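Chains as they are written, first to last, in our numbering: chain A, 44 to 218; chain B, 13 to 269.
Right under this line is the structure:
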């Protein structure tokens with residue numbers, strides 16, 4: 044149930060709605076147990092949670108998918124090799140949380156399922172109903188965007204706190 | 013592997029989703045390429061930042077109770093649900109009846125098909141022995157050579173009869189495997205026709221009456237005698253094959269008396 048709630052909460056950004064979605068998903072799972080064709084019950088339940096969340100997002104016009112124009116930006120922009128990313132080791136989990144919430148939902152869901160629930164590409168592919176190759180490319184783009192968002196946030200924060208290059212040193216020494 | 017390819021596959025590599033060959037290629041590349049190594053480190057630190065348990069949303073304490081009561085309400089037999097439930101019980105009972113009928117029918121036919129299965133194996137073995145030119149492990153027309161040859165190879169001693177005077181010459185014997193057990197195969201010859209006689213200890217009810225059948229154009233006769241099951245297969249005509257069986261049975265009778 045923790046995985047179900049975590050996924051719903053990450054998809055709809057709202058505690059009360061996440062609870063409703065988990066409840067609805069459990070009831071659906073109970074009613075349509077005949078639709079369960081064996082395999083991992085957790086993955087099956089997560090599929091229902093995911094679909095229920097999407098229905099909710101559509102109903103509330105909150106479904107914000109990635110802008111196709113932005114896709115091109117994924118190919119350029121900051122690379123992981125940027126030294127900035129090494130700062131992540133000391134990054135506040137609150138900043139990561141905000142950055143992840145900003146991520147378009149189709150990237151957010153694969154990142155949450157992979158990094159928090161530790162699901163395999165195949166399991167994610169089944170839940171989200173996309174090919175395995177797409178799982179990898181979405182993870183890649185999601186991580187890249189996250190990295191850019193984090194670098195951006197940390198840059199902003201740092202510019203308020205500290206000027207120039209001293210920022211890096213101070214952050215490293217804080218750890 | 014090039015930097016371009018590595019950048020494509022590095023996420024799969026770090027997630028442990030690549031096959032061994034690709035993983036090793038990436039490892040090779042990372043050894044030499046500083047930029048890709050930095051990328052890999054960057055992704056790793058990002059992953060550990062997201063994987064931080066502090067980022068997980070824990071369900072509120074009352075959610076589990078809420079789910080329980082919701083599920084309970086759902087399974088409560090209200091008046092409308094009662095009808096539904098009866099329908100389910102009726103469906104369930106007819107299913108049980110159907111399964112029983114299938115089981116009973118399958119039981120009747122199943123017993124037949126075991127014999128069919130063995131017959132199929134016998135024919136296959138016969139055909140294989142002719143095709144592979146592997147009729148005999150011990151080529152001998154002397155029953156006193158063939159019979160001892162099976163010692164230590166089988167957990168039973170097959171009766172070996174010489175019928176050359178009656179026109180069925182013994183060509184030898186070989187080990188075979190039928191119905192999940194090693195069996196003795198004795199090879200006889202009538203003119204140009206090879207006859208395979210399979211023998212193994214019987215697990216069936218003894219029946220001296222032989223049963224004849226035809227599979228893929230081959231004649232088969234089976235019978236049991238003195239605790240042994242016999243199957244004989246050949247392209248020889250049925251009348252002569254029956255004569256062969258008769259002779260075998262007479263020989264073992266003669267030995268008993």
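Every residue gets a Cβ at the ideal spot worked out from N, C-alpha and C, and that includes glycine. Keep in mind the model is a prediction, meaning the values are calculated, not measured.
Top-ranked residue by Cα proximity to residue i, from the options
i	options	result
residue 92 of chain A	A:100, A:64 and A:162	A:64
residue 195 of chain A	A:142, A:99, A:57 and A:68	A:142
residue 179 of chain B	B:165, B:256 and B:140	B:256
residue 140 of chain A	B:58, B:115 and B:143	B:58
residue 197 of chain A	A:84, A:86 and A:138	A:138
residue 72 of chain B	A:47, A:184 and A:86	A:47
residue 69 of chain A	B:166, B:81 and B:249	B:81
residue 248 of chain B	B:229, B:264 and B:263	B:229
residue 87 of chain A	A:44, A:144 and A:149	A:44
residue 67 of chain B	A:186, A:159 and A:184	A:159
residue 205 of chain B	B:79, B:142 and B:137	B:142
residue 264 of chain B	B:109, B:18, B:251 and B:171	B:171
residue 136 of chain A	A:74, A:85, A:193 and A:162	A:193
residue 189 of chain A	B:176, B:61 and B:28	B:61
residue 192 of chain B	B:17, B:177, B:199 and B:215	B:215
residue 138 of chain B	B:262, B:197 and B:17	B:197
residue 224 of chain B	B:35, B:108, B:199 and B:251	B:251
residue 128 of chain B	B:238, B:234 and B:15	B:234
Same chain, Cβ closer than 6 Å to residue i, five either side skipped, listed in chain order
i	result
residue 120 of chain A	With a pLDDT of only 46 at residue 120 of chain A, under 50, the local geometry of the prediction cannot be trusted, and the value read off the model is given with reservation. Here the set comprises 191.
residue 62 of chain A	none
residue 211 of chain A	Reliability of the predicted coordinates at residue 211 of chain A is poor, the pLDDT of 39 falling under 50, and the value obtained from them is presented with this limitation in mind. Nothing listed; no residue qualifies.
residue 168 of chain B	213
residue 162 of chain A	156
residue 259 of chain B	175 and 178
residue 164 of chain A	175 and 178
Pairwise C-alpha distance: residue j and residue i
i	j	result
residue 240 of chain B	residue 169 of chain A	56 Å
residue 187 of chain B	residue 194 of chain B	7 Å
residue 246 of chain B	residue 158 of chain B	20 Å
residue 227 of chain B	residue 155 of chain B	29 Å
residue 242 of chain B	residue 147 of chain B	18 Å
residue 113 of chain B	residue 104 of chain B	14 Å
residue 50 of chain A	residue 76 of chain B	16 Å
residue 208 of chain B	residue 37 of chain B	57 Å
residue 253 of chain B	residue 222 of chain B	12 Å
residue 47 of chain B	residue 41 of chain B	10 Å
residue 180 of chain A	residue 101 of chain B	49 Å
residue 53 of chain B	residue 26 of chain B	10 Å
residue 97 of chain A	residue 130 of chain B	58 Å
residue 71 of chain A	residue 30 of chain B	35 Å
residue 85 of chain B	residue 147 of chain A	37 Å
residue 234 of chain A	residue 83 of chain B	Missing from the structure shown is residue 234 of chain A; chain A here goes from 44 to 218 and no further.
residue 184 of chain B	residue 115 of chain B	44 Å
residue 52 of chain A	residue 150 of chain A	15 Å
residue 44 of chain B	residue 74 of chain B	54 Å
residue 163 of chain B	residue 152 of chain B	16 Å
Neighbourhood of residue i by C-beta distance below 7 Å, restricted to the same chain and skipping five residues each side
i	result
residue 67 of chain A	95
residue 167 of chain A	153, 156, 157 and 178
residue 134 of chain B	190, 210, 232, 243 and 245
residue 174 of chain B	155 and 182
residue 55 of chain A	61, 64, 96, 99 and 100
residue 85 of chain A	46
Residue i: first and last residue of the uninterrupted beta strand (DSSP E) it sits in
i	result
residue 195 of chain B	193-202
residue 160 of chain B	Not the beta strand (DSSP E): residue 160 of chain B falls in the alpha helix (DSSP H), residues 155-161.
residue 71 of chain A	No beta strand (DSSP E) contains residue 71 of chain A, which is instead part of the alpha helix (DSSP H) from 58-74.
residue 186 of chain B	181-190
residue 206 of chain B	205-213
residue 246 of chain B	240-246
residue 224 of chain B	223-227
residue 12 of chain B	In the structure displayed, chain B extends from 13 to 269; residue 12 of chain B sits before or after that span and is not available.
First and last residue of the uninterrupted alpha helix (DSSP H) at residue i
i	result
residue 86 of chain A	84-102
residue 36 of chain B	32-44
residue 23 of chain B	15-26
residue 54 of chain A	45-55
Neighbourhood of residue i by C-beta distance below 8 Å, restricted to the same chain and skipping five residues each side
i	result
residue 174 of chain A	168
residue 55 of chain B	22, 23 and 26
residue 149 of chain B	161, 184, 185, 186 and 187
residue 15 of chain B	41, 45, 47 and 48
If you scan the stretch 122-187 of chain A from start to end, which runs of the alpha helix (DSSP H) of 4 or more residues do you find wholly inside it? 136-145, 148-154 and 164-171
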